[in-house]
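Taken in sequence, the protein lines are chains A and B.
The numbering of the first sequence is our numbering, which starts it at 1 and goes up by one.
The numbering of the second sequence is our numbering, which starts it at 1001 and goes up by one.
Positions of the beta carbon are idealized from the N, C-alpha and C atoms, including for glycine.
All remarks here apply to the structure that follows.
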Amino acid sequence: MSATPTMDYSQRPKYIAATWSLTKVRMLLAMRNRAFFFFSLMMPMLFLIGAVIFIHQKGGFVSQYILGVLLTWTVMGSFWGVSVQLVTFREQGILRRFRLAPVGAGPMLASSILSNYAMAVPTLLIEVLVCRYVLHIRNWGNPLGLFLLVTFGCAAFSAFGLIVASVTNTMQETQLINQLIWLGFLFLSGATIPLDSFPPWIQHAALFSPATYLAVGLETASMGTILWKDLATDIGGLAITLWAAFEISRRLFRWEPEAKVSKRAKLWVLAALIPIFAFGIAENHNGGYLKRTDANLKLLSQANREMTPQSQNHPQPSNSN
Amino acid sequence: MTAPVIEVTDLYKSYGPVEAVRGLSFSVEEGEVFGLLGPNGAGKTSTVEMLEGLRVPDRGTVLVCGLDPQKTGDRFKERVGAILQSTNLPDKIRVKEAIELFAELYHKHGDTNELLRRFQLTEKSSAFYKNLSGGQKQRLALAMALVNNPQVVFLDEPTAGLDPQVRREIYDIIEDLRRAKKTVLITTHYIEEAERLCDRVAIVDSGRVIAHGTPRELKQKSAGNTRIEVRLARPPANGALAHIDAVSDYRELDGTYVLRSSRPPQTIVALVKHLEAEGNELQSLEMFSPTLEDVFIELTGRRLRE
């Protein structure tokens, strides 16, 4: 048995190699999972069909706005699958087996994020293509902005899901917390109900939520009205969220259900939250997001006023870039 | 003389009020198959999981290949392989994918096709994990434990719950490991397994090593006595069987009377005479050569399976 030939991979960067190997397998497992197809493909498609039915008569600019909302819902849903998978793996003793191998929490978590992103891309592409060719949006918005926001958004919200998985022990707990967070993200980001409709204190509180950066960013980018500096702010917010959430989940990572989180790890969690709070405080101070949501809604209501189902005279969104 | 490959000194581990391991010490030499034999709850799994780096000892030291599993991380993991008592793989991972995935996690690894062939998994290489039988899952676990060509292999109850045929297959694989000069630590509560496979055995009970040595040495400690197990129509007079000719030890276990005798024929003749005199009746009589179970019973007054 000792005579078996050995292959030396010591020259490869080890963490990258491990992350890539785990990512490939996670993608294969996701494609074989019915629940994955339902939550990651079927649910967004149901929203899309709903959107098609709802705004088919309106078309144009409204579709353009709706594309941003659809993409936001799909990207925010990223946290759902990764948290469920990680908790299942821990509950079933699968993570225990990985713990024996020379692979740390970093590659395990990074592979979750990467595979989730790779599996979300087809759904997001379908949404864009349906909006373009079925709902007849007038242009592609800001494609680079959409791509960057979708990429950072998927990664940041997946990392958020990994935090959920770190603090829950069972599938039931995970599903419950996911539901609460999902509803919070949906309703307090402007992705479902415009932020303008809420009392001012909720609007200000929403600026601490990464869901707001994503929702406002995608809506503005899909309408093609996003400024580069605003795009940089949105991506900066999501990048900070990604870093903080990844770091928190890495510190809280547990290979086994009965493992306890150390006090030191808990302190790291608090430290990692500081940049998100700082970002929220800065945005509350300069008020850029609230102005942008206001501007987006004004454009949308103006379009609604000017449009009739027969009319094709949609207002042309001005691309400020 | 080279340093032991595994060295455990004064190891302690508690889970709340339960003391699972209480001052356990032993060492394993290179190329040795070493067994931790004991009943369920004896502290075997806690011990082996501390050796694998999965659990942190409360007290004591553990060295494997001169490395502390808690402090040397990946350097340690590259040198060991293990089968855990309770573990799993994703239901829908294929056999070949699983073994290739784990191979890719190590700097150096063996030929995965060769491992599949060696463990008779080639035909099942495309099968999902959930569709494998218990034996096939255990063969896959063994293949994965050896994927990095480890210096030390930990096998925690590797044949528990498997049918005799599969158990024999696993024994053959462990014999192969011995021939390949691997250092193997195996935990078990099967006497046959310990006697057949292990060069040396430590008998563990209540978190402590209560005896250790080669299986032969341990059985000799049982004074070479034959075990005679009898069932009677009525319970004998209190302690009467202990005074029968050549009986060195006498116990009652679950309604069976266990006698140890250095001269079995004389004991049986004397026993039959005694029962006739008492008006009692012999319902069954079985004789056994000394086993490690006898050593365990002598030391603890209990059977291994209790």
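query: Gln-316(A) at chain B interface by Cβ criterion, 9 Å; result: Its pLDDT being 48, under 50, Gln-316(A) is placed unreliably in this model, and the coordinates cannot settle the point.
query: Gly-77(A) to Pro-1090(B) span [Cα, whole Å]; result: 23 Å
query: Cβ-Cβ distance between Leu-1011(B) and Leu-1024(B) below 9 Å; result: yes
query: Selection from Lys-24(A), Ala-30(A) and Gly-153(A) that minimises the alpha carbon distance to Val-216(A); result: Gly-153(A)
query: Unbroken alpha helix (DSSP H) run spanning Val-1095(B), endpoints; result: 1095-1104
query: Delimiting residues of the alpha helix (DSSP H) encompassing Glu-219(A); result: 210-223
query: When Lys-24(A), Val-69(A), His-204(A) and Arg-26(A) are compared against Val-128(A), the one with the closest alpha-carbon; result: Val-69(A)
query: 9 Å Cβ cutoff, Thr-1087(B) in contact with chain A; result: yes
query: Neighbourhood of Glu-1029(B) by C-beta distance below 7 Å, restricted to the same chain and skipping five residues each side; result: Pro-1004 and Val-1005
query: Reference Met-43(A); option with closest CA among Ile-16(A), Ala-239(A), Val-75(A) and Lys-24(A); result: Val-75(A)
query: Contact set for Pro-5(A): own chain, Cβ-Cβ below 8 Å, skip 5 residues either direction; result: The predicted model places Pro-5(A) with a pLDDT of 43, which falls under 50 and marks its position as unreliable; any figure quoted below should be read in that light. Here the set comprises nothing.
query: For Glu-1175(B), the three-state DSSP class (helix, strand or coil); result: helix
query: Sub-9 Å separation of Val-1033(B) and Leu-1051(B) beta-carbons; result: no
query: Completely contained beta strand (DSSP E) runs for the stretch 1120-1183 of chain B, where each covers 3 or more residues; result: 1152-1156
query: Where Pro-317(A) falls, given that 16 or more other Cβ within 10 Å makes a residue buried; result: Caution is warranted here: a pLDDT of 48 is assigned to Pro-317(A), below 50, making its placement in the model unreliable, and the coordinate value is therefore given only provisionally. Counting Cβ neighbours within 10 Å, Pro-317(A) comes out buried, since at least 16 surround it.
query: Cβ pair Leu-1285(B), Ile-1228(B) closer than 9 Å; result: yes
query: Classification of His-1243(B) by the beta-carbon crowding that lies within 10 angstroms, buried from 16 upward; result: exposed
query: Leu-71(A) beta carbon less than 9 Å from that of Leu-124(A); result: yes
query: C-beta neighbour in chain A for Ile-1093(B), strict 9 Å; result: yes
query: Buried versus exposed, by CB contacts within 10 Å (16 or more), Asp-1068(B); result: exposed
query: Backbone secondary structure at Asp-1205(B) - three-state DSSP; result: strand
query: CB-CB length for Tyr-213(A) against Ala-155(A), believed under 8 Å; result: With 8 Å as the limit, Tyr-213(A) and Ala-155(A) do not qualify as a contact, their Cβ atoms being about 13 Å apart.
query: Proximal chain B residues relative to Leu-28(A), where beta-carbon distance stays under 9 Å; result: Lys-1092, Ile-1093, Arg-1094 and Glu-1097
query: Bridge-paired residues (DSSP) for Ala-1307(B); result: In the structure displayed, chain B extends from 1001 to 1306; residue 1307(B) sits before or after that span and is not available.
query: Proximity test, Cβ basis, 9 Å: Glu-1029(B) and chain A; result: no
query: Collapsed DSSP secondary structure at Gly-280(A) in the structure displayed; result: helix
query: Under 7 Å by beta carbon: chain B residues contacting Arg-99(A); result: Leu-1054
query: Proximity test, Cβ basis, 9 Å: Ser-2(A) and chain B; result: Per-residue confidence for Ser-2(A) stands at a pLDDT of 41, beneath the threshold of 50, marking its modelled position as unreliable; no derived number is given.
query: Leu-1197(B) to Arg-1167(B) span [Cα, whole Å]; result: 12 Å
query: Contact check, Ser-112(A) vs Val-82(A), beta carbons under 9 Å; result: yes
query: Distance between beta carbons of Leu-252(A) and Val-167(A), contact taken as under 8 Å; result: 7 Å
query: Closest Cα partner of Leu-322(A) within the set Phe-79(A), Ala-35(A), Tyr-65(A) and Ala-17(A); result: Residue 322(A) is absent from the model: chain A starts at 1 and stops at 321.
query: Contacts of Ala-1020(B) in chain A (Cβ-Cβ under 7 Å); result: Those within 7 Å of Ala-1020(B) in chain A number zero; the least Cβ separation is about 13 Å.
query: The alpha helix (DSSP H) enclosing Lys-1044(B), as first and last residue numbers; result: 1044-1051
query: Per-residue DSSP class, three states only, for Asp-1010(B); result: strand
query: Which listed residue (Val-84(A), Gly-288(A), Glu-283(A) and Ser-115(A)) has its alpha carbon closest to that of Met-326(A); result: Since the displayed chain A opens at 1 and closes at 321, residue 326(A) lies outside it and no answer follows.
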